[in-house]
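Here the structure is laid out as structure tokens; the discussion comes afterwards.
2 protein chains.
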Amino acid sequence: MAQRIHAAVGSALPPDAPDAEPLSTRERILDVALDLFIEKGFDKTSLREIAEQLGVTKAALYYYFASKEDILMALHLRLHEFGFDALSRFAEQEPTVELWADLLDQVVEQMLAHRKIFLMHERNQAALETLHREDHDAQHDDLQASFRRLLSDSRVDVRDRVRMAASFGAVMGAIFMSGDAFGEVPSSELSEILRDAVADLLR
Amino acid sequence: MAQRIHAAVGSALPPDAPDAEPLSTRERILDVALDLFIEKGFDKTSLREIAEQLGVTKAALYYYFASKEDILMALHLRLHEFGFDALSRFAEQEPTVELWADLLDQVVEQMLAHRKIFLMHERNQAALETLHREDHDAQHDDLQASFRRLLSDSRVDVRDRVRMAASFGAVMGAIFMSGDAFGEVPSSELSEILRDAVADLLR
DNA sequence: GTCTATATTTCGATAGAC
DNA sequence: GTCTATCGAAATATAGAC
Chain B
3 MAQRIHAAVG SALPPDAPDA EPLSTRERIL DVALDLFIEK GFDKTSLREI AEQLGVTKAA
63 LYYYFASKED ILMALHLRLH EFGFDALSRF AEQEPTVELW ADLLDQVVEQ MLAHRKIFLM
123 HERNQAALET LHREDHDAQH DDLQASFRRL LSDSRVDVRD RVRMAASFGA VMGAIFMSGD
183 AFGEVPSSEL SEILRDAVAD LLR
Chain A
3 MAQRIHAAVG SALPPDAPDA EPLSTRERIL DVALDLFIEK GFDKTSLREI AEQLGVTKAA
63 LYYYFASKED ILMALHLRLH EFGFDALSRF AEQEPTVELW ADLLDQVVEQ MLAHRKIFLM
123 HERNQAALET LHREDHDAQH DDLQASFRRL LSDSRVDVRD RVRMAASFGA VMGAIFMSGD
183 AFGEVPSSEL SEILRDAVAD LLR
């Protein structure tokens, strides 16, 4: 596993945009993998399965990705695309509940727009951690790590820090934990309800 | 895998209670497995590893458990022990935010008292679902399923349902998502902060 | 109850033709 | 770019002695 990971980020366009050009094979692999990683988990998904569902053979996958973990990494990088420079704001200034509330507003939008990617992350924490352990490039200083650092910042009152963590969990819970209990609720309504709830927690 | 799963529940006593009798081998297996399933995930934990850390061989494990999944099932049953008859209250009456708030108070206590079991569940959702797919005994009608049913109950206003899900997520987030950011915060304080937060969400 | 084998399967990955 | 064929490793699980 000393191999360089060279994953890149697939297109995040909606699947049937008006002028959708046919997805590249690479992107199709990622989309199939994303669904399977959500449904069965990374470890229980075999390359054979991904290939089969795509109508190619295992070996073809290796033309696009150096390893199975490389596929996971490419999906992980999709997450870094959306808004998680948002967290970088906190690198310089002291975290406050007000800043946090602003951040969560953005996070809610991103999560609703890219449910699958977030869901995949929620359901494959262990596999993703292994990935990061091996990537000692530490170029990205992972999200979760920044997260924990923030929540450990002793300049902020404990009560506020707990509420910061809780408000994030609240958003996650409402969007993901419930399966599709709110699948029929329009995103805009869900978004508004959540914004209010977050405000109540961090007011 | 047509084999009957016959897992039973290990003792949930604190590890060094005053009159602690030495743990049975069976319980020691479960405790080691619990730690490893949290740290590396179910799929990446091998029976060899569990056995090694216990000072026995793989084969010995099979005297106590019929399969690797059987070990996971035994740990899953530990969860059913604590307080999740709590959810049964909702089977009969209409869910309300008031009932939900009461429930969450209990859940907070259970989570703080049995962090590891809950953490293991959070981090091995995929493996646990596979388990349930195979256990078509449906004797237990899983927690998560009851959960989703509750949150889909159209008698309750959408806004309230979303807040119910969010409040649960808030508790999970504060206790688990943060790693050990609040490890030094006394449980009693954490519990009180969370109770207040939940009240703000469901008031 | 625990051990030493070993059977069996599956998977990730590679080589090389086309 | 995709295929066929195969390698090698690792894991779960079993058989049978002690």
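Going down the list, the sequences are from chains B and A. The first sequence lines up with residues 3 to 205 when you count with my numbering. The second sequence lines up with residues 3 to 205 when you count with my numbering. Beta carbons are placed, not taken as given, at the ideal position from N, Cα and C, and that holds for glycine.
Query: Would Leu133(B) and Leu74(B) qualify as a contact pair, given that the criterion is a beta-carbon distance under 8 Å?; Result: yes
Query: Quick one: residues in its chain with C-beta nearer than 6 Å to the C-beta of Glu124(B), no 5 flanking neighbours on either side, listed in chain order?; Result: Phe178
Query: Between the Cα of Arg197(A) and those of Arg165(B), Asp182(B) and Asp198(B), spot the shortest distance and give me the residue it belongs to.; Result: Arg165(B)
Query: When the Cβ atoms of the stretch 167-184 of chain A are set against those of the stretch 144-156 of chain B, are three or more pairs found closer than 8 Å?; Result: yes
Query: Have a look at Glu191(A), Pro24(A) and Asp37(A) and flag the residue whose alpha-carbon is nearest the alpha-carbon of Ile119(A).; Result: Asp37(A)
Query: Determine, using beta carbons only, whether Val99(A) comes closer than 8 Å to chain B.; Result: no
Query: Assuming Lys46(A) and Asp45(B) form a contact by the criterion Cβ under 8 Å, report the distance between their Cβ atoms to the nearest whole angstrom.; Result: 7 Å
Query: Taking only runs of the beta strand (DSSP E) that begin and end inside the stretch 67-94 of chain A, which ones reach a length of at least 3 residues, in chain order?; Result: none
Query: In chain order, what residues of the same chain lie with their CB nearer than 8 Å to the CB of Leu145(A), ignoring the 5 residues before and after it?; Result: Leu81, His82, Phe86 and Leu89
Query: Does Thr27(A) get closer than 8 Å to chain B when you measure Cβ to Cβ?; Result: no
Query: Less than 8 Å separating the beta-carbons of Ser169(B) and Leu106(B)?; Result: yes
Query: If we count the other Cβ atoms within 10 Å of its Cβ and call it buried at 16 or more, is Arg163(B) buried or exposed?; Result: buried
Query: So, is the C-beta of Gln127(B) closer than 8 Å to a C-beta in chain A?; Result: yes
Query: Can you pull the chain A residues whose beta carbon is under 9 Å from the beta carbon of Arg50(B), in chain order?; Result: What Arg50(B) touches in chain A: nothing, since even the nearest Cβ is about 17 Å away.
Query: Taking a contact to mean a Cβ-Cβ separation below 8 Å, would you say Leu130(B) touches His78(B) in this structure?; Result: yes
Query: Just to make sure I have the definition right: I need the residues of chain A whose C-beta is within less than 9 Å of the C-beta of Thr132(B). Which are they?; Result: Lys42, Gly43 and Lys46
Query: Just to confirm, are Gln127(B) and Phe84(B) a CB contact at a threshold of 8 Å?; Result: no
Query: State buried or exposed for Gly171(B), treating a residue as buried only when at least 16 other CB atoms are found within 10 Å of its CB.; Result: buried
Query: Should Ala103(A) and Ala201(A) be called a contact, given that it needs their Cβ atoms to be closer than 8 Å?; Result: yes
Query: Select from Ala76(A), Ser193(A), Arg205(A) and Glu136(A) the residue whose C-alpha is nearest the C-alpha of Val109(A).; Result: Ser193(A)
Query: Which chain A residues are close to Ile195(B), counting only those with a beta carbon under 7 Å from its beta carbon?; Result: Arg161 and Val164
Query: Among Asp159(B), Ile52(B), Ser26(B) and Tyr64(B), whose alpha-carbon lies nearest the alpha-carbon of Ala35(B)?; Result: Ile52(B)
Query: Spell out whether any CB of chain B is found under 8 Å from the CB atom of Val34(A).; Result: no
Query: I need the DSSP call for Glu96(B), collapsed to helix, strand or coil.; Result: coil
Query: Determine, using beta carbons only, whether Val187(B) comes closer than 8 Å to chain A.; Result: yes
Query: Report the neighbours of Arg150(A) on chain B: residues whose CB is nearer than 7 Å to its CB, in chain order.; Result: Ser180, Gly181 and Ala183
Query: In whole angstroms, give me the CA-to-CA distance for Val173(B) and His116(B).; Result: 14 Å
Query: Within a Cβ cutoff of 8 Å, which residues of the same chain sit near Arg91(B), ignoring the five residues on either side of it in sequence?; Result: Leu101 and Leu105
Query: Can you round the beta-carbon distance between Leu56(A) and Ile31(A) to whole angstroms, since I take them to be within the 8 Å contact cut?; Result: 6 Å
Query: At least one CB of chain B closer than 8 Å to the CB of Phe170(A): is that the case?; Result: yes
Query: Just to check my reading of the structure: Leu49(B) and Lys60(B) have Cβ atoms closer than 8 Å, yes? What is that Cβ distance to the nearest angstrom?; Result: 5 Å
Query: Please confirm whether Ala199(B) and Leu203(A) have their CB atoms less than 8 Å apart.; Result: yes
Query: Spatial neighbours of Arg205(A) within its chain, please: C-beta separation below 6 Å, excluding the five flanking residues on both sides.; Result: none
Query: Under a CB-based cut-off of 8 Å, is Leu153(A) close to chain B?; Result: yes
Query: May I ask you to report which of helix, strand or coil DSSP gives Phe120(A)?; Result: helix
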